[in-house]
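Residue numbers (our numbering): 50 to 431.
Ideal placement from N, C-alpha and C gives every residue a C-beta, glycine not left out.
Just so it is clear, the structure is predicted and the values come from calculations on it, not from any experiment.
Just below is one structure, and these are the notes that go with it.
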């Protein structure tokens, strides 16, 4: 009898420590990179998802049933993401999936959720193919091409016409560069050169020498905080003083830590406005810091949002998944930390692009790009 009591106590203690309800009845699955090169983003994403689940459980879960978050580490790798998705669907029988991961892994998982007719809400993967997997896939992020177009408008708004692109050679970098190139001519922005680099690269001296001789007025440089930190630091150390526009991948306190003083003045197109007057955004920022003792970034906010949307849908269906949940998410309008979101027929969102600037070792509002035509995501017809 004592053994049984101990086992129950241990289960409850584990549940409390790891934020998993001891007697969970509604399962939400998440694939997220907890090891490998993207582990810091994965931690932030998972913290966002856990906060959304904790909030919902504190308010009674789904019709009084607790929500359990079933977690798989996909290492931001398609090879890990596909089997993780299969396990979530077949073994764990989740009613809905959330991607808290990068584009390559999300693209591998999405068709499996689609085939099983399990809705899949994608937090921050920006590759265009993600929602093309089918009508059970939803995305809360601004697509890469759309964000790239916003970058071209920002360059023009800053009065800069001669631009050098520094492009990360992967799905993320390519999608951003494509959008920038598409919109640049409309704003009279001329791309005078483009340089590519790979995810493991941390030394940029040779490329920076070429950038200096190009003498651009602005740099549009894609990257994640762990590549952008060294890149921006080395650009500034080499005397390149022109504005640098980064994107969501920069949106982490870790970028500011790595780049140090060189991060000051860096512009970032993103979805999280730290200076927003939205009560939903401010409550999220406060709750996130209180729960985890660090400031929320775009990844945490977007994964909180994707998970919260899945939960709102489940509240509408009373916990049912499948087509009922798909329709509930399709037809909903959701008030989130990254704006009020609803989905178009391709399950993409229309929203403004927030421009943050690093000022005094923190992200602050620089401007908002609000142009419904320029920022329109693709639809089924187009």
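Cβ neighbours of residue 416 in the same chain (closer than 6 Å, five flanking residues each side left out): Counted from its first residue, the chain shown places residue 416 at position 367. Taken in chain order, the residues that qualify are 404.
Test item: CB-CB of residue 80 and residue 155 under 9 Å: For this step, residue 80 is matched to residue 31 along the chain shown. For this step, residue 155 is matched to residue 106 along the chain shown. Cβ distance < 9 Å, so residue 80 and residue 155 count as in contact.
Secondary structure, beta strand (DSSP E): runs of 3+ residues fully inside the segment 354-388: 383-385
Residue 117 and residue 147 closer than 9 Å at C-beta: As a position in the chain shown, residue 117 is number 68, starting the count at 1. As a position in the chain shown, residue 147 is number 98, starting the count at 1. For residue 117 and residue 147, no; Cβs fall outside 9 Å.
Stretch-stretch touch, CB-based, cutoff 8 Å, three pairs: the segment 334-351 with the segment 94-102: yes
Bridge partner(s) assigned by DSSP for residue 267: On the chain shown, residue 267 is found 218 positions in, with the first residue counted as 1. DSSP, once it has assigned bridges, lists 212 as partnering residue 267.
Alpha carbon of residue 70 to alpha carbon of residue 162, nearest angstrom: Taking the chain shown and counting its residues from 1, one reaches residue 70 at position 21. Taking the chain shown and counting its residues from 1, one reaches residue 162 at position 113. Confidence at residue 70 is low in this model, with a pLDDT of 42, below 50, so its placement is unreliable and the value that follows should be read with caution. So the alpha carbons of these two residues sit roughly 25 Å apart.
Cross-strand partners of residue 242 (DSSP beta bridge): For this step, residue 242 is matched to residue 193 along the chain shown. Paired residue(s): 213.
Nearest residue (CA-CA) to residue 414, options 421, 424 and 402: The sequence position of residue 414 within the chain shown is 365, counting from 1. Out of 421, 424 and 402, 402 has the C-alpha closest to the C-alpha of residue 414.
Identity of the residues DSSP links to residue 390 by a beta bridge: Counted from its first residue, the chain shown places residue 390 at position 341. DSSP, once it has assigned bridges, lists 383 as partnering residue 390.
Contact set for residue 383: own chain, Cβ-Cβ below 8 Å, skip 5 residues either direction: Position 334 of the chain shown, counting from 1, holds the residue named residue 383. Excluding residues within five positions, the ones whose Cβ falls inside 8 Å are 354, 357, 358, 361, 389, 390 and 391.
Chain-order list of residues whose beta-carbon lies under 7 Å from that of residue 265 (same chain, five-residue window excluded): Here residue 265 is taken as the residue at index 216 of the chain shown, counted from 1. Excluding positions up to five away in sequence, the list reads 211, 212, 213, 241 and 291.
For residue 188: DSSP bridge partner residues: By one-based count along the chain shown, residue 188 stands at place 139. Answer is 171.
Contact set for residue 73: own chain, Cβ-Cβ below 7 Å, skip 5 residues either direction: Counted from its first residue, the chain shown places residue 73 at position 24. Because residue 73 carries a pLDDT of 49, less than 50, the predicted location of this residue cannot be relied on, and no value is offered for it.
Option in 371, 275 and 175 with minimal Cα separation from residue 226: Mapped onto the chain shown, residue 226 falls at position 177. With distances taken between Cα atoms, residue 226 lies closest to 175.
Rounded separation between residue 329 and residue 322 - CA only: If you number the chain shown from 1, residue 329 lands on position 280. If you number the chain shown from 1, residue 322 lands on position 273. Those two C-alpha atoms are separated by around 12 Å.
With 16 other Cβ atoms within 10 Å as the buried cut-off, status of residue 326: As a working note, residue 326 is residue 277 in the chain shown. Answer is exposed; the Cβ neighbour count stays below 16.
Boundaries of the beta strand (DSSP E) in which residue 148 is found, first to last residue: Numbered from its first residue, the chain shown carries residue 148 at position 99. It spans 145-148 - the beta strand (DSSP E) in which residue 148 sits, taken as one unbroken run.
Beta strand (DSSP E) segment containing residue 318, residue limits: Within the chain shown, the letter at position 269 stands for residue 318. Per DSSP, residue 318 belongs to the beta strand (DSSP E) from 316-319.
Beta-carbon proximity list for residue 346, same chain, < 6 Å, skipping 5 on both sides: For the purposes of this step, residue 346 is identified with residue 297 of the chain shown, where counting begins at 1. The residues are 93, 300 and 301.
Status (buried if at least 16 other CB within 10 Å, exposed otherwise) for residue 231: The residue given as residue 231 occupies position 182 in the chain shown. It is exposed - the Cβ of residue 231 has fewer than 16 other Cβ atoms within 10 Å.
Rounded straight-line distance, which links the Cα of residue 297 to that of residue 256: For the purposes of this step, residue 256 is taken as the residue at position 207 of the chain shown. For the purposes of this step, residue 297 is taken as the residue at position 248 of the chain shown. Each residue's alpha carbon lies about 23 Å from the other.
Residue interval of the beta strand (DSSP E) (run including residue 402): Stepping through the chain shown from its first residue, residue 402 is reached at position 353. Taken as a continuous stretch (DSSP letters only), the beta strand (DSSP E) holding residue 402 covers 402-408.
Anticipated Cβ contact below 8 Å, residue 426 with residue 399, distance rounded: As a position in the chain shown, residue 426 is number 377, starting the count at 1. As a position in the chain shown, residue 399 is number 350, starting the count at 1. Yes, they are in contact, since the Cβ atoms of residue 426 and residue 399 sit about 6 Å apart, within 8 Å.
For residue 152 and residue 170, believed in contact at Cβ under 8 Å, the rounded distance: As a working mapping, residue 170 is identified with position 121 in the chain shown. As a working mapping, residue 152 is identified with position 103 in the chain shown. Their Cβ separation, rounded to whole angstroms, is 15 Å, which puts residue 170 and residue 152 out of contact at 8 Å.
Complete runs of the alpha helix (DSSP H) confined to the segment 97-165 [at least 4 residues]: 127-135 and 152-165
Under the three-state DSSP convention, the category residue 322 falls into: The residue given as residue 322 occupies position 273 in the chain shown. Correct three-state label for residue 322: coil.
Through-space distance from residue 164 to residue 305, alpha-carbon basis: Counting from 1 along the chain shown, the entry for residue 305 is found at position 256. Counting from 1 along the chain shown, the entry for residue 164 is found at position 115. Rounded to whole angstroms, residue 305 to residue 164 spans 41 Å at the Cα level.
For residue 227, the first and last residue of its enclosing alpha helix (DSSP H): In the chain shown, residue 227 corresponds to position 178, counting from 1. Unbroken alpha helix (DSSP H) run through residue 227: 220-232.
For residue 112 and residue 344, the rounded distance between their alpha carbons: Start at 1 with the first residue of the chain shown, and residue 344 comes out as number 295. Start at 1 with the first residue of the chain shown, and residue 112 comes out as number 63. In a straight line, the C-alpha of residue 344 is about 32 Å away from that of residue 112.
Bridge partner(s) assigned by DSSP for residue 342: Mapped onto the chain shown, residue 342 falls at position 293. Note: residue 342 sits in no beta bridge, so no partner.
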